[in-house]
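Have a look at the structure below before the remarks.
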Amino acid sequence: MNHREFSWPTLSIVMLLTVCGQAYATEQKKLHGDIEVGAVLTTGNTNTASAKTAIDVEQEWTAWRTQYVIDAQYQRTQFEDDQGQHQRETTAQQIFLSYQGNYKLKKPEETFFVLGSYNDDRFGGYEYQLTAAIGYGWRFFKTQDSTIDLEIGPGYVWNELESGDYRQGSIFHGAFTFEHQFTVATRFRQEVITDLSFNGENSKTKLDSSFIADINGRLAMKMSFYLEYNTKPDIDIRKVDTETGITLVYSF
Numbered sequence: 043m044n045h046r047e048f049s050w051p052t053l054s055i056v057m058l059l060t061v062c063g064q065a066y067a068t069e070q071k072k073l074h075g076d077i078e079v080g081a082v083l084t085t086g087n088t089n090t091a092s093a094k095t096a097i098d099v100e101q102e103w104t105a106w107r108t109q110y111v112i113d114a115q116y117q118r119t120q121f122e123d124d125q126g127q128h129q130r131e132t133t134a135q136q137i138f139l140s141y142q143g144n145y146k147l148k149k150p151e152e153t154f155f156v157l158g159s160y161n162d163d164r165f166g167g168y169e170y171q172l173t174a175a176i177g178y179g180w181r182f183f184k185t186q187d188s189t190i191d192l193e194i195g196p197g198y199v200w201n202e203l204e205s206g207d208y209r210q211g212s213i214f215h216g217a218f219t220f221e222h223q224f225t226v227a228t229r230f231r232q233e234v235i236t237d238l239s240f241n242g243e244n245s246k247t248k249l250d251s252s253f254i255a256d257i258n259g260r261l262a263m264k265m266s267f268y269l270e271y272n273t274k275p276d277i278d279i280r281k282v283d284t285e286t287g288i289t290l291v292y293s294f
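Numbered per this note's numbering, the sequence shown spans residues 43 to 294.
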């Protein structure tokens, strides 16, 4: 992977998140979250080894609710070259980082959110993708077993392509999240996130479905399906990416 300079968009997001963190650093509350780990080894006609890890942490404050996400994937594939020699190459390498802070308004189901994310996908046609957004969040449905959350607001994206070109511009950011607890040991989560470009650049929509079944008190098995659609990907990159996985989740 080529060396990448620390860009001013990255710096601005880090500074924004630091200021937000300092605003409620004296009101720290208990945090909770999930650590997800999975690995797949394939042998035979195709020899591949892939690994996935993700950390999703939420923390409640007096005036804020925060979420931190780290998601990383890596895959190596063995193949036979024209001379009959076995070679190995990296065929997937991605890391995604995000932070979101929701400031609680007068009504407990309404919030003002601040979002920043960074995506580095070595085989996605981009050197990096940065997104920042602010807006209004609303939990418009809540029962003992289910919740539905909606977030809308303006944002801005900075993208550097592998070709060295830059794409940036204003977006509309929207997110829909549905969670349902079937039993004490099983739960379902459906999330749809879209970043629609205002200036005709690439728009992205992500769909993430997961079903989690507890194995014991803190350990669970997660079955997931992920789909990402880009309207204007880089050359030779498909518009649609999908991923299906089974991983172990440790909750704390």
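From the three backbone atoms N, C-alpha and C, an ideal C-beta is built for every residue, glycine too.
Buried versus exposed, by CB contacts within 10 Å (16 or more), Asp237: buried
Using 8 angstroms as the threshold, is the segment 226-243 in touch with the segment 251-262, meaning 3 or more CB pairs across them? yes
C-alpha distance - Pro150 paired with Thr189, whole-angstrom precision: 14 angstroms
Which of helix, strand or coil DSSP assigns to Arg164: coil
Mind checking Ala105: buried by the 16 CB within 10 Å criterion, or exposed? exposed
Considering only their Cβ atoms, is the gap separating Lys248 from Leu269 smaller than 9 angstroms? yes
Give me the Cα-Cα distance between Asp207 and Asp162, rounded to the nearest whole angstrom. 16 angstroms
Got a sec? Which residues, its chain only, sit under 7 angstroms from Gly167 by beta carbon, not counting five neighbours each side? Leu203, Glu204, Pro275, Asp276 and Ile279
Distance CB(Asp113)-CB(Gln136) smaller than 9 angstroms: yes
Does Gly179 get closer than 9 angstroms to chain D when you measure Cβ to Cβ? Going by chain labels, chain D is absent from the structure shown, which holds only one protein chain.
Can you give me the C-alpha to C-alpha distance between Ser212 and Gly242, rounded to a whole angstrom? 10 angstroms
Whole-number beta carbon distance between Gly75 and Phe294, since they are thought to touch under 8 angstroms: 6 angstroms
What are the boundary residues of the beta strand (DSSP E) that Asn144 is part of? His128 to Lys146
In angstroms, rounded to a whole number, what distance separates the CA positions of Glu152 and Gln186? 18 angstroms
Does the distance from the CB of Phe214 to the CB of Ile194 come in under 9 angstroms? yes
Under 8 angstroms: does the beta carbon of Tyr160 sit that close to some heavy atom of the ligand GTP? With respect to small molecules bound, the structure shown includes none, and the ligand GTP cannot be examined in it.
By the DSSP assignment, the beta strand (DSSP E) with Glu193 in it spans what residues? Ser188 to Leu203
Taking Gln120 as the reference, give the member of Val79, Ala175 and Ser92 with the closest Cα. Ser92
Status (buried if at least 16 other CB within 10 Å, exposed otherwise) for Tyr178: exposed
Please state if the CB of Ser251 and the CB of Phe267 are separated by a distance shorter than 9 angstroms. yes
Who pairs with Ala93 in a beta bridge, going by DSSP? Ala81 and Tyr116
Helix, strand or coil: how does DSSP classify Trp103 here? coil
Can you look up Val226 in the DSSP assignment and give me helix, strand or coil? coil
Per DSSP, Gln171 is paired with what? Asn161 and Asn201
To the nearest angstrom, how far is it from the Cα of Leu83 to the Cα of Asn89? 7 angstroms
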